[in-house]
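K.L.:
Residue numbers (this note's numbering): -3 to 143.
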């Protein structure tokens, strides 16, 4: 994976975590789509047929969650004080743990187009979503508001 090599060249520690994709997608859903009912999630195609994962980023494209989009989202991600975060994909079961990720920027992601990728801090307080439709939809960035 080219992303792993790019991050390692920047002295960022990357650990592959096989089979964590389903767990991380569910945690992401619980953190960023918990305001939606099951019926609302279905109506925005958060799930595919049979209950499989559809597109988590639809919480943004259907305007159900406040977010930054496009260049503003990229800026927010780049300036986020990233420590440790997960990188996972919509339709893959493997994921990455990225540690000491301060230098992890959107420039590292250009070769990762044509896929739906999510980057989230370990506490699921913020997320950056890159879509397979970047240019039309996304990327998106949001932070959980503290109550």
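For every residue, glycine included, the Cβ atom is placed at its ideal position computed from N, Cα and C. Small disclaimer: the values here were computed from a predicted structure and weren't measured.
Output needed for residue 52: all residues of its chain with C-beta closer than 8 angstroms, excluding positions within five of it in sequence on either side, in chain order.
P.N.:
For the purposes of this step, residue 52 is taken as the residue at position 56 of the chain shown. Around residue 52: 21, 24, 25, 28, 29, 42, 86, 112, 114 and 125.
K.L.:
Going by the beta-carbon positions, is the gap between residue 39 and residue 133 smaller than 7 angstroms?
P.N.:
Locating residue 39 in the chain shown gives position 43, where the first residue counts as 1. Locating residue 133 in the chain shown gives position 137, where the first residue counts as 1. No; because the gap between Cβ atoms is not below 7 angstroms, this pair is not in contact.
K.L.:
Out of 138, 122, 90 and 35, state which residue places its alpha-carbon closest to the alpha-carbon of residue 11.
P.N.:
Stepping through the chain shown from its first residue, residue 11 is reached at position 15. Checking every option, the nearest Cα to that of residue 11 belongs to 90.
K.L.:
Can you name, in chain order, every residue of its own chain whose Cβ lies under 8 angstroms from the Cβ of residue 77, other than the five neighbours on each side?
P.N.:
Counting from 1 along the chain shown, the entry for residue 77 is found at position 81. Excluding positions up to five away in sequence, the list reads 98.
K.L.:
Please report the distance separating the alpha-carbon of residue 32 from that of residue 96.
P.N.:
By one-based count along the chain shown, residue 32 stands at place 36. By one-based count along the chain shown, residue 96 stands at place 100. Each residue's Cα considered, the two are about 33 angstroms apart.
K.L.:
Grab the span of the alpha helix (DSSP H) containing residue 24 for me, first residue to last.
P.N.:
Here residue 24 is taken as the residue at index 28 of the chain shown, counted from 1. Where residue 24 is concerned, the enclosing alpha helix (DSSP H) stretches over 17 to 28.
K.L.:
Count the other C-beta atoms from every protein chain shown that fall within 10 angstroms of the C-beta of residue 75, then say buried if there are 16 or more, exposed otherwise.
P.N.:
By 1-based counting over the chain shown, the position of residue 75 is 79. So residue 75 counts as exposed.
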